[in-house]
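So that you can map any letter, position 177 of the first sequence is 225 in the numbering used here, and since no number is skipped, the others follow by simple counting.
We put the CB at the ideal spot given by N, CA and C, even for glycine.
Below is one structure, written out as structure tokens; comments come after it.
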Amino acid sequence: MPVRKFKKLTRAFYNRPTLEVAPDLLGKYLVYNSPRGKLSAKIVEVEAYIGQDDPACHAARGLTKRNAVMFGPPGVAYIYFVYGMYYCLNFVTEPEGIPAAVLLRAAEPAEGEDIMRQLSPGKNGCDLLNGPGKLCRSFGLTRDQNGLDLIDDYMYLEDRAVVIAEIGQSSRVGVKVGKDRRWRFYDRISKAISK
DNA sequence: TGAATGATGCGCT
DNA sequence: GCGCATCATTCAT
Numbered sequence: 049m050p051v052r053k054f055k056k057l058t059r060a061f062y063n064r065p066t067l068e069v070a071p072d073l074l075g076k077y078l079v080y081n082s083p084r085g086k087l088s089a090k091i092v093e094v095e096a097y098i099g100q101d102d103p104a105c106h107a108a109r110g111l112t113k114r115n116a117v118m119f120g121p122p123g124v125a126y127i128y129f130v131y132g133m134y135y136c137l138n139f140v141t142e143p144e145g146i147p148a149a150v151l152l153r154a155a156e157p158a159e160g161e162d163i164m165r166q167l168s169p170g171k172n173g174c175d176l177l178n179g180p181g182k183l184c185r186s187f188g189l190t191r192d193q194n195g196l197d198l199i200d201d202y203m204y205l206e207d208r209a210v211v212i213a214e215i216g217q218s219s220r221v222g223v224k225v226g227k228d229r230r231w232r233f234y235d236r237i238s239k240a241i242s243k
């Protein structure tokens, strides 16, 4: 058994109402044992997408090949391709059968920043991860990692007992429908918030 | 500092 | 074809 300094989040963490999971994710660490080496980052901005009644959710029009992971068990990575060149990383929430997920929008680099710089040439520090597309590029995440179980050691979330002093809340970025749902949560102190 | 726009490919109508 | 849970660049103020 590997010695763990910090606690890995269990499936029970994700198997809850999405609006409880989303703010809880702030301050947690995303750890990815990538082929290039270990990467980690502190989560500072997320958005919730919940079920078939949420018009901005990919699952609003039912089950498709693309969004199938969201209908599956919680604690799984949902990664999709968008705008012809970017990927976005989500964490599936709620019991199996309920399509919901939390989009990871921004984080602060912790371990493996040199690897992130290789993947995103010309970027440094917070500019490496301050947006969902850039985050996936700097972590080297693609469709290949879609469906990864976050309970395994390949990629997971870790509780390093960080407390977020001020949590902000707002409408979600880049969505045209469902603006009344203020389901974006972010660390007001962080300098790594997306633009 | 903010608005407009092009890059780019895939899934859905 | 159209629209997209984006980003970097350009142009205007």
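Reference residue i, options the options, closest by Cα
i       : options                           : result
Leu-111 : Pro-147, Asn-194, Ser-242         : Pro-147
Asp-192 : Ser-82, Arg-165, Phe-54, Ala-155  : Ser-82
Glu-214 : Pro-71, Arg-109, Ala-107, Ile-163 : Pro-71
Leu-73  : Asp-235, Gly-99, Ala-158          : Asp-235
Gln-217 : Val-94, Leu-167, Leu-196          : Val-94
Residue burial classification, residue i (beta-carbon count within 10 angstroms, cutoff 16)
i       : result
Thr-190 : exposed
Asp-258 : It is not possible to answer for residue 258, since the shown part of the chain is limited to 49 through 243.
Glu-144 : exposed
Arg-185 : buried
Asn-172 : exposed
Arg-59  : exposed
Lys-55  : exposed
Ile-237 : exposed
Lys-243 : exposed
Lys-113 : exposed
Residues of its chain near residue i, where Cβ-Cβ distance is below 6 Å and the 5 sequence neighbours each way are ignored
i       : result
Gly-160 : Gly-85, Lys-86, Leu-87
Tyr-244 : In this structure the chain extends from 49 to 243, so residue 244 is not present and cannot be described.
Phe-119 : Leu-111, Pro-147
Gly-123 : Arg-59, Tyr-62, Leu-198, Ile-199
Pro-121 : Glu-144
Own chain partners of residue i with C-beta closer than 7 Å, once the 5 adjacent residues on each side are dropped
i       : result
Ala-240 : Val-92, Ala-154, Ala-155, Glu-156, Cys-174, Leu-177, Asn-178
Nonlocal neighbours in the same chain, by C-beta distance under 8 Å from residue i, ignoring five residues either side
i       : result
Val-211 : Gly-75
Assumed close pair residue i, residue j - CB separation to whole angstroms, cut-off 8 Å
i       : j       : result
Asn-115 : Ala-125 : Contact doesn't hold; Cβ gap of about 13 Å is too wide.
Ala-158 : Ala-89  : 5 Å
Looking at C-beta atoms only, is the number of pairs between the segment 228 to 242 and the segment 65 to 84 that lie closer than 8 Å three or more?
Three or more Cβ pairs closer than 8 Å define a contact, and the segment 228 to 242 meets that threshold against the segment 65 to 84.
Contact the segment 165 to 182 vs the segment 119 to 139: 3+ CB pairs below 8 Å
Yes: at least three Cβ pairs fall under 8 Å.
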